[in-house]
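For reference, the structure discussed in these notes is given below.
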Amino acid sequence: MKNPKDVVFICKAISEETHQGSDSYCDELENKGFTTKMIPVLDFTYKNIDILKSKLSQPNLFSGIIFTSPRCVRAVINAVESAEQLDHRWRELQTYAVGEATARLVTENLKLNPEGSCAGNGFTLAPIILSNNPCKPLLLPCGNLKMDTLESLLTEGGVATEAVEVYETVPHPDLEATLSAALSQQIPSYIVYFSPSGIHNTYPLLRNSGVDLEKIKWVSIG
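Residues in the sequence shown are numbered consecutively from 6, following the numbering used here.
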């Protein structure tokens, strides 16, 4: 077993790139000499797809659509089944995406051309949207834990949104087993988190594991 100081637990939801066999954070850390272990802490259940499908069939009611995460894109994909079945009028409207990973999914799966991929969050995306002066509401697929920052900033700027809650964030069903197995093999010196939910779901398990948590360095992204 490698020196424990080299071991990093990456606690995050499984992303699209991870499903394809890689993760950019793991790859970068391993290139720097660390050993990484992916701990999937979150899962997502989709809902209200029929409501979303109804909204998507009425692009004339909107100035565009905002995608704040890959899960929002996946919900739209589930609703329309294929890019060809997405009403072509959406391609004439404004499309926005938070982050490059989200924008890439939009482009590849829905054949839309999103703005805002340089924005890492709603706070930085809002000025981009406001600069286009949308006159109708923007469709906003979202999750149950969404922040209200983007909606608040748009409302203050005179732009309406129509939110549809399309997924819920839940603990990953295999979290306890995965974490227990990982700890039985190696005790990390670093644990990296990407969301408050990840911390809430894992900390009680870690606290009850018998591991000396004071010897672990805790890292958060965002």
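Glycine included, C-beta positions come from ideal geometry on N, C-alpha and C. Values in this document were obtained by computation on a predicted structure and should not be read as measured data.
Check                                                                                                                                                                              : Outcome
Tell me whether residue 111 is buried or exposed, calling it buried when 16 or more other Cβ atoms sit within 10 Å of its Cβ.                                                      : buried
Identify the residues that DSSP records as bridge partners of residue 48: which are they?                                                                                          : 175
Candidates 36, 35 and 47: which alpha carbon is nearest residue 174's?                                                                                                             : 47
Would you be able to state if there are at least three C-beta pairs under 8 Å between the region 182-194 and the region 161-169?                                                   : no
Restricting to Cα atoms, I'd like to know which of 109, 86 and 19 is closest to residue 203.                                                                                       : 19
Can you give me the Cβ contacts of residue 145 inside the same chain, cut-off strictly under 6 Å, excluding the 5 residues immediately before and after it?                        : 71, 166 and 168
Keeping to the same chain, check which residues put their C-beta closer than 6 Å to that of residue 42; ignore five residues upstream and five downstream.                         : 14 and 187
Contact between the region 60-79 and the region 25-34 is defined here as three or more beta-carbon pairs at a separation below 8 Å; is this criterion met?                         : no
So is residue 223 buried or exposed if we call it buried at 16+ other beta carbons inside 10 Å?                                                                                    : exposed
On the DSSP bridge list, what partners appear for residue 229?                                                                                                                     : Past the boundaries of the shown model lies residue 229; the chain is included only from 6 to 227, so the question cannot be answered.
Check residue 161 in the structure and name its three-state DSSP category.                                                                                                         : helix
According to DSSP, is residue 31 part of a helix, a strand, or is it coil?                                                                                                         : helix
Which one of 159, 125 and 182 has the shortest CA to CA distance from residue 141?                                                                                                 : 159
Per DSSP, what are the beta-bridge partners of residue 190 in this structure?                                                                                                      : None; residue 190 has no bridge partner.
Which whole-angstrom value describes the C-beta separation of residue 128 and residue 100, a residue pair presumed to lie in contact below a C-beta threshold of 8 Å?              : Going by Cβ atoms, the distance from residue 128 to residue 100 rounds to 19 Å, so no, they are not a contact pair.
Count the other C-beta atoms from every protein chain shown that fall within 10 angstroms of the C-beta of residue 44, then say buried if there are 16 or more, exposed otherwise. : buried
Taking the beta strand (DSSP E) that residue 72 falls in, what are its first and last residues?                                                                                    : 69-72
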